[in-house]
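Inspection log for the structure reproduced underneath, given as structure tokens.
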Amino acid sequence: MVVALTAMLAAVAPQAQTGSADAARRRNLDQVLDLYVRDGLVYYRALKSDRRLLDGYVSALAGASPPSAPRAEQVAFWLNAYNALVLRTVIDAYPIARRSSDYPDRSVRQIPGAFEGRKHQVAGRSLTLDQIEQTILPGFADPRVFLALGRGALGSGRLRSEAFDPERLERQLTEVAAECVSHAQCATIDRAANKMAVSSVFSWRSKEFSAAYSDKAPPAFGTRSPIERAVLAFVDPMLTLIERNFLARNEFSVEFSRFDWTLNDLTGRGGR
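In terms of the numbering used here, the sequence shown has 82 at position 73, counting the first letter as 1, and numbering is strictly consecutive.
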């Protein structure tokens with residue numbers, strides 16, 4: 010009995026220590042987001058001049074042990090890591106120099122290799138931002154996580170002024186989804202033009218959204234593509250009655266908007 014209890018405590022202790030360490034790191038990120046993020050926009054200049062907490066958080070990620078359970082801890086860990094790494098990428102290059110005419114002058118995409126080339130040390134692995142999005146996050150089978158990524162752009166879902174927390178994760182992701190539907194960059198219904206425009210994120214992650222939502226769309230949309238059915242099922246709970254009645258006629262087109270890569274910079278707008 011004593012031996013069994015000792016073995017059980019030995020197995021639980023590392024998980025408790027890991028969870029405690031992640032909570033401590035998360036508090037630091039919370040402070041950064043609370044201080045420098047307002048309505049999804051970031052005071053990048055001020056953050057660059059006071060980057061100690063963010064740099065400490067990112068440095069700690071290298072030796073972190075991502076929680077093995079429960080799932081909410083894993084999701085929160087990777088979302089927070091991604092969003093912090095984007096902030097670090099931007100302030101390392103801020104003010105960003107224009108290098109390409111393919112993107113806005115002030116854009117995270119003007120930073121060479123920002124998503125696909127720059128390697129970050131996370132939990133003993135060397136990963137790009139794209140690798141986190143494309144190889145780790147899909148495993149959680151919840152496409153809302155892709156709307157929770159702060160890509161450093163106006164076209165992203167709104168970067169929150171708080172870190173993702175395992176105990177509040179479901180509520181936070183529900184809010185992310187609702188904010189998406191109410192945000193013109195994410196979803197817009199134009200009754201006059203008879204169309205619905207939605208973020209390119211839905212098409213980029215069409216596999217995940219289709220798997221999670223396409224079979225939940227009303228039967229009337231059965232002839233539409235899997236991703237269109239998924240989008241319609243996803244937005245439906247957040248629509249007004251007028252919007253829902255408009256879509257029920259099933260005479261509209263669905264368009265994927267061009268993603269706005271303009272930097273989500275609040276510097277100069279709020280006096281900092």
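Glycine is no exception: its CB is placed at the ideal position from the N, C-alpha and C atoms.
On a predicted model such as this, the values are computed, not experimentally measured, just so you know.
{"Query": "Applying the 10 Å Cβ sphere with the 16-neighbour rule, what's the burial state of I198?", "Result": "buried"}
{"Query": "Can you list, in chain order, the residues of its chain whose CB lies under 7 Å from that of G159, leaving out five sequence neighbours each side?", "Result": "N92, V95, S165, L168"}
{"Query": "With distance defined between alpha-carbon atoms, name the residue in E125, G122, Y103 nearest to R115.", "Result": "Y103"}
{"Query": "Three-state secondary structure (DSSP) at R253?", "Result": "helix"}
{"Query": "Using DSSP with H/G/I as helix, E/B as strand and the rest coil, what is I120?", "Result": "coil"}
{"Query": "Where does L94 fall in DSSP's three states?", "Result": "helix"}
{"Query": "Mapping DSSP to helix, strand and coil, what is E264?", "Result": "strand"}
{"Query": "Quick one: grab the DSSP three-state call for A162.", "Result": "strand"}
{"Query": "In terms of DSSP beta bridges, what is L272 paired with?", "Result": "A162"}
{"Query": "First and last residue of the beta strand (DSSP E) that includes K204?", "Result": "204-207"}
{"Query": "Assuming Q130 is part of the beta strand (DSSP E), what are its boundary residues?", "Result": "129-131"}
{"Query": "Taking Cβ to Cβ, would you say R153 is nearer than 7 Å to V117?", "Result": "no"}
{"Query": "Which residues bound the beta strand (DSSP E) around S219?", "Result": "Per DSSP, S219 belongs to no beta strand (DSSP E); it is in the alpha helix (DSSP H), 215-222."}
{"Query": "In three-state DSSP terms, what is L241?", "Result": "helix"}
{"Query": "Locate the alpha helix (DSSP H) running through L180, then write down its first and last residues.", "Result": "The residue you asked about is not Leu; residue 180 is Arg in the sequence shown. Segment 178-191, the alpha helix (DSSP H) holding R180."}
{"Query": "Between which residues of its own chain and L182 is the CB-CB distance below 6 Å, once the five residues before and five after are set aside?", "Result": "R153"}
{"Query": "Check S234 in the structure and name its three-state DSSP category.", "Result": "coil"}
{"Query": "What whole-angstrom Cβ distance do A221 and R238 have, given they're in contact under 8 Å?", "Result": "Not a contact, Cβ separation roughly 11 Å."}
{"Query": "Check whether the segment 105-115 touches the segment 130-140, taking contact to mean three or more Cβ pairs, one atom from each stretch, closer than 8 Å.", "Result": "no"}
{"Query": "Let me make sure I understand the geometry here. Which of A201, S58, E171 has the alpha-carbon closest to that of L88?", "Result": "E171"}
{"Query": "Consult DSSP for G277 and reduce its assignment to one of helix, strand or coil.", "Result": "coil"}
{"Query": "Where does R4 sit, in a helix, a strand or coil, going by DSSP?", "Result": "Outside the displayed span of the chain (10 to 281) sits residue 4, for which this structure offers no information."}
{"Query": "Taking only three categories from DSSP, how would you classify L50?", "Result": "strand"}
{"Query": "D245: which of T232, L272, S209, M205 sits nearest, CA to CA?", "Result": "M205"}
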